[in-house]
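What follows is a set of notes on a single structure, which appears directly below.
Number of protein chains: 2
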Amino acid sequence: MATKCKQCPLRLQHQFLPMSQDEVNAMQRFKVGELVVDAGAPILMQGSNSPQLFTALHGMGLRYKYLENGKRQVVNFILPGDFIGLQAGVMGEMGHSVEATTKMTLCVFDRSAIWNFFKDNPERAFSVTWLAAIEEHFLGDALATVGQRDALQSVAWALAKVYLRGQQLNMVSKSQMPLPFRQQDLADALGLSLVHTNKTLAKLRDRQLAQWSDGVLSIADIDKLAAIAMIEDTTVPPRPLL
Amino acid sequence: MATKCKQCPLRLQHQFLPMSQDEVNAMQRFKVGELVVDAGAPILMQGSNSPQLFTALHGMGLRYKYLENGKRQVVNFILPGDFIGLQAGVMGEMGHSVEATTKMTLCVFDRSAIWNFFKDNPERAFSVTWLAAIEEHFLGDALATVGQRDALQSVAWALAKVYLRGQQLNMVSKSQMPLPFRQQDLADALGLSLVHTNKTLAKLRDRQLAQWSDGVLSIADIDKLAAIAMIEDTTVPPRPLL
DNA sequence: CGTGGGGTTGACTGAATTCAAGTAGTGTGG
DNA sequence: CCACACTACTTGAATTCAGTCAACCCCACG
């Protein structure tokens with residue numbers, strides 16, 4: 001049965017900002033159901049005008065876009081708590097596709113209700129904007145990575161970033177977290193070839209900085225990795241949840 | 001003297017969505033003044049928590065961030081109508097710096113009033129989110145460019161994109177628009193070296209696809225350029241103005 | 001009239017891509 | 001039970017696109 005917002009397991013994690021009772025109720029009214037998709041299933045298509053918006057509850061996925069020449073850019077990895085479909089929600093068209101990498105559970109919201117949602121719940125509207133700003137911030141970082149970091153720094157950056165997010169989501173135990181993506185996904189996220197990504201991962205493994213195999217990422221010393229990645233601030237600020 | 005929102009020259013351009021009288025009044029109340037800065041002046045600093053937000057009225061500028069190793073990533077070019085400081089407004093910290101490339105005139109808004117602004121003007125709140133979504137869309141495109149396009153395609157993409165924006169802003173006449181940046185700025189935006197950017201510009205010039213010298217960009221056939229850049233849609237959708 | 005910023009060009013170097021081959025694990029069907 | 005196909009990952013060698021180094025030009029400016 002669909003999870004009630006009041007009982008939402010994500011909401012209580014300290015990474016997410018607390019919500020007032022009114023806000024929880026507003027989310028509950030905005031939520032029209034729950035969707036479970038299998039690994040590999042498409043969720044939103046680039047250029048589409050989806051009638052639905054989502055928040056990831058369980059599982060992981062990918063945002064990506066294809067170019068005319070067949071190359072794929074992975075925009076980012078989707079983890080629980082991520083809001084999906086903002087662009088369709090306000091602009092009416094997605095700039096990228098979204099697909100599930102593992103089996104996923106998603107809260108479903110009705111796109112056509114978003115205007116009333118904004119009107120009736122200014123705190124929640126502010127939270128939507130806040131999430132958009134966080135995404136913008138992240139994309140700026142990603143751009144700087146692909147544009148200015150070399151392969152070793154890039155891979156270190158990406159692994160450190162997911163690991164830090166994983167820590168906030170309580171997915172890390174004994175320096176390990178699940179990371180069910182393929183090397184090709186990471187390569188497409190960083191604008192590197194699969195071969196070079198593989199060799200770079202091997203280098204990080206040899207230097208005992210990060211190990212990623214069989215869908216499990218293991219990082220012994222996150223600060224050392226962050227130093228190589230030129231990440232200045234390893235704290236993850238709290239964020240709103242939709 | 002400060003421009004009244006009612007007389008805002010940008011508002012009437014067809015690229016910007018129309019605003020109701022109430023919305024114009026709300027903007028006027030939100031606006032605390034106007035700021036004129038000289039070419040080269042910093043407007044916002046990466047990591048800062050600015051008390052002010054801006055909309056560019058005249059002039060052009062740059063968003064950029066520096067990495068620890070001294071490399072600079074230009075995040076995008078700022079043209080009239082662009083909103084500046086969203087991240088500081090909602091998250092309390094800018095992810096990039098902003099500086100004026102030419103002399104600029106900026107509408108100034110009070111960051112601390114943003115919450116009431118959201119509460120009292122849901123249409124305007126929606127517009128802020130819309131702008132954030134547009135920016136997110138753009139950054140996704142930029143990421144795909146730096147990650148997946150080669151140098152020729154990248155430079156073509158960047159020039160075509162500004163040109164299309166320039167057209168919407170009535171800055172183009174006889175296939176020409178002002179583009180007062182340095183080649184280094186473009187290079188830093190695309191993750192290319194200055195030398196290679198220069199040679200790539202020469203290639204586009206030789207092929208009569210785009211000419212950019214003395215701060216003036218000239219494009220004879222935008223569709224041909226867009227084809228090289230793998231830009232699928234050369235229309236620029238209307239957007240809100242703050 | 002020197003100085004410095006921006007732009008241009010050629011020669012050399014190198015990081016990352018492409019090509020190629022091979023391993024390991026998994027699932028399928030004869 | 002084994003041959004086959006398929007996917008993900010791995011590794012070495014050859015190639016190339018883009019970076020670095022180094023000059024040089026032009027021009028605005030003090």
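Residue numbers (the UniProt record's numbering), protein chains in the order written: chain A, 1 to 242; chain B, 1 to 242.
The beta-carbon is built from N, C-alpha and C at its ideal position, and this holds for glycine as well.
Values in this document were obtained by computation on a predicted structure and should not be read as measured data.
**OP:** Would you list, in chain order, the members of the stretch 129 to 163 of chain A that have their beta-carbon closer than 8 angstroms to a beta-carbon of chain B?
**Re:** T129, W130, A132, A133, I134, E135, E136, H137, L139, G140, D141, A142, L143, A144, V146, G147, Q148, R149
Subject >> Enclosing alpha helix (DSSP H) for B/R149 [first to last residue] >> reply: Position 149 of the second sequence, counted from the first residue, corresponds to residue 149 of chain B. First-last for B/R149: undefined, no H or E at that position.
**OP:** Please decide whether A/H14 counts as near chain B, where near means a Cβ-Cβ distance under 7 angstroms.
**Re:** One-based indexing of the first sequence puts residue 14 of chain A at position 14. Not one chain B Cβ lies under 7 angstroms of A/H14.
Original post:
By DSSP, does A/S173 sit in helix, in strand, or in coil?
Top reply: Start at 1 with the first residue of the first sequence, and residue 173 of chain A comes out as number 173. Of the three classes helix, strand and coil, the one that applies to A/S173 here is strand, per DSSP.
**OP:** Round the Cβ separation of A/Q73 and A/K65 to the nearest angstrom and send it over; I've been treating them as touching at under 8 angstroms.
**Re:** Taking the first sequence and counting its residues from 1, the one referred to as residue 73 of chain A is at position 73. Taking the first sequence and counting its residues from 1, the one referred to as residue 65 of chain A is at position 65. Contact flag correct, Cβ pair sits at about 5 angstroms.
Subject >> Beta-bridge partners of A/A100, as assigned by DSSP >> reply: Working through the first sequence from its first residue, we reach residue 100 of chain A at position 100. A/G61, per the DSSP bridge assignment.
**OP:** Could you give the DSSP three-state label for A/V129: helix, strand or coil?
**Re:** Walking along the first sequence from the start, residue 129 of chain A turns up at place 129. Per the sequence shown, residue 129 of chain A should be read as Thr rather than Val. Reduced to three states, the DSSP call for A/T129 is helix.
Subject >> the stretch 82 to 90 of chain A / the stretch 170 to 188 of chain B touching (three or more Cβ pairs under 8 angstroms) >> reply: no
Subject >> Residues near A/N76 by beta carbon distance below 6 angstroms, same chain, minus five either side >> reply: Numbered from 1 along the first sequence, position 76 holds the residue referred to as residue 76 of chain A. So the list reads R63, once near-sequence residues are dropped.
Original post:
From A/R182, A/E232, A/R239, A/P240, pick the residue whose C-alpha is nearest to that of A/W212; which is it?
Top reply: By 1-based counting over the first sequence, the position of residue 212 of chain A is 212. Nearest option by C-alpha distance: A/R182.
**OP:** Excluding the 5 residues preceding and the 5 following B/G95 in the sequence, name in chain order all residues of the same chain whose CB lies nearer than 6 angstroms to its CB.
**Re:** Your numbering for residue 95 of chain B matches position 95 in the second sequence. Excluding sequence neighbours, B/G95 sits near Q87.
**OP:** Return the residues of the stretch 181 to 194 of chain A that lie within a Cβ-Cβ distance of less than 9 angstroms from chain B, sorted by chain order.
**Re:** D188, A189, L190, G191, L192
Original post:
Do A/E23 and A/E123 have their CB atoms nearer than 7 angstroms?
Top reply: Taking the first sequence and counting its residues from 1, one reaches residue 23 of chain A at position 23. Taking the first sequence and counting its residues from 1, one reaches residue 123 of chain A at position 123. Cβ atoms of A/E23 and A/E123: closer than 7 angstroms.
Original post:
What did DSSP end up calling B/E123 once you bin it into helix, strand or coil?
Top reply: Residue mapping note: residue 123 of chain B aligns to position 123 of the second sequence, counting from 1. It is helical.
**OP:** Just confirm the distance between the C-beta atoms of B/C108 and B/G33, as a whole number of angstroms; I'd bet it's less than 8 angstroms.
**Re:** On the second sequence, residue 108 of chain B is found 108 positions in, with the first residue counted as 1. On the second sequence, residue 33 of chain B is found 33 positions in, with the first residue counted as 1. The amino acid occupying residue 108 of chain B in the given sequence is Val; Cys does not appear at that position. About 5 angstroms; that satisfies the 8 angstroms criterion.
**OP:** For A/H96, go through chain B and note every residue whose CB falls closer than 7 angstroms to its CB, in chain order.
**Re:** If you number the first sequence from 1, residue 96 of chain A lands on position 96. Residues of chain B with a Cβ closer than 7 angstroms to the Cβ of A/H96 are, in chain order, G140.
**OP:** For B/W157, collect the residues of the same chain with a Cβ closer than 7 angstroms to its Cβ; drop the 5 residues on either side in sequence, then sort them by chain order.
**Re:** In the second sequence, the residue the question calls residue 157 of chain B occupies position 157. Closer than 7 angstroms at the Cβ level, and outside the excluded window around B/W157, lie T145, R149, A229, I231.
Original post:
Is the shortest distance between the beta-carbon of A/M104 and the beta-carbons of chain B less than 7 angstroms?
Top reply: Reading the first sequence from its first residue, position 104 is the one you call residue 104 of chain A. Output row for A/M104: interface = no.
**OP:** Determine the extent of the beta strand (DSSP E) in which B/Q211 is found, giving its start and end residues.
**Re:** Numbered from its first residue, the second sequence carries residue 211 of chain B at position 211. Per DSSP, B/Q211 belongs to the beta strand (DSSP E) from 211 to 213.
Subject >> chain B residues whose Cβ lies nearer than 8 angstroms to that of A/F126 >> reply: Taking the first sequence and counting its residues from 1, the one referred to as residue 126 of chain A is at position 126. Those are V90, W115, F118, A125, listed as they occur along chain B.
Subject >> Inter-stretch contact (C-beta, 8 angstroms, three-pair minimum) for the stretch 126 to 143 of chain A and the stretch 199 to 213 of chain A >> reply: no
Subject >> Coarse secondary structure for B/L86, derived from DSSP in three states >> reply: Walking along the second sequence from the start, residue 86 of chain B turns up at place 86. Reduced to three states, the DSSP call for B/L86 is helix.
**OP:** Please compile the residues from chain B whose C-beta is within a distance smaller than 9 angstroms of the C-beta of A/L86.
**Re:** Stepping through the first sequence from its first residue, residue 86 of chain A is reached at position 86. In chain order: T129, A132, A133, E136.
**OP:** Determine which residues share a DSSP beta bridge with A/P178 and list them.
**Re:** Position 178 of the first sequence, counted from the start, is the residue given in the question as residue 178 of chain A. A/P178 is bridged to A/V216.
Subject >> Those residues which DSSP pairs with A/C107 across a bridge >> reply: The sequence position of residue 107 of chain A within the first sequence is 107, counting from 1. According to DSSP, A/C107 shares a beta bridge with A/E34, A/T55.
Subject >> Sub-7 angstroms separation of A/G59 and A/K103 beta-carbons >> reply: The residue you call residue 59 of chain A lines up with position 59 of the first sequence. The residue you call residue 103 of chain A lines up with position 103 of the first sequence. Yes, these two residues count as a Cβ contact at 7 angstroms.
**OP:** Quick one: grab the DSSP three-state call for B/L79.
**Re:** In the second sequence, the residue the question calls residue 79 of chain B occupies position 79. Looking at B/L79 - three-state DSSP - the assignment turns out to be coil, as it is neither helix nor strand.
**OP:** Output, in chain order, the set of chain B residues within a Cβ distance shorter than 7 angstroms of A/Q73.
**Re:** As a first step, residue 73 of chain A must be located in the first sequence, where it is residue number 73. Chain B residues near A/Q73: L143, A144, G147, Q148.
Subject >> Interface residues of the stretch 47 to 72 of chain A facing chain B [CB-CB below 7 angstroms] >> reply: K65, L67, E68, N69, K71
**OP:** Tell whether a beta-carbon distance below 7 angstroms holds between A/E99 and A/I43.
**Re:** Along the first sequence, one-based indexing puts residue 99 of chain A at 99. Along the first sequence, one-based indexing puts residue 43 of chain A at 43. Closer than 7 angstroms, so yes.
Original post:
Under 7 angstroms between C-beta atoms, does A/P122 make it to chain B?
Top reply: One-based indexing of the first sequence puts residue 122 of chain A at position 122. Yes, A/P122 counts as interfacial toward chain B.
**OP:** Would you mind telling me which residues of chain A sit closer than 7 angstroms to B/E99, beta carbon to beta carbon, in chain order?
**Re:** Working through the second sequence from its first residue, we reach residue 99 of chain B at position 99. Neighbours of B/E99 on chain A: none; closest Cβ ~15 angstroms, over 7 angstroms.
Original post:
Does the Cβ-Cβ distance between B/L106 and B/A41 come in under 7 angstroms?
Top reply: Counting from 1 along the second sequence, the entry for residue 106 of chain B is found at position 106. Counting from 1 along the second sequence, the entry for residue 41 of chain B is found at position 41. In this structure, B/A41 does not lie closer than 7 angstroms to B/L106 by Cβ.
Subject >> Nearest candidate by alpha-carbon position, reference A/I114, set B/Q153, B/M177, B/W130 >> reply: Mapped onto the first sequence, residue 114 of chain A falls at position 114. Nearest of B/Q153, B/M177, B/W130 to A/I114, Cα basis: B/W130.
Original post:
Among all the DSSP beta bridges, which residues are the ones paired with B/F138?
Top reply: One-based indexing of the second sequence puts residue 138 of chain B at position 138. None; B/F138 has no bridge partner.
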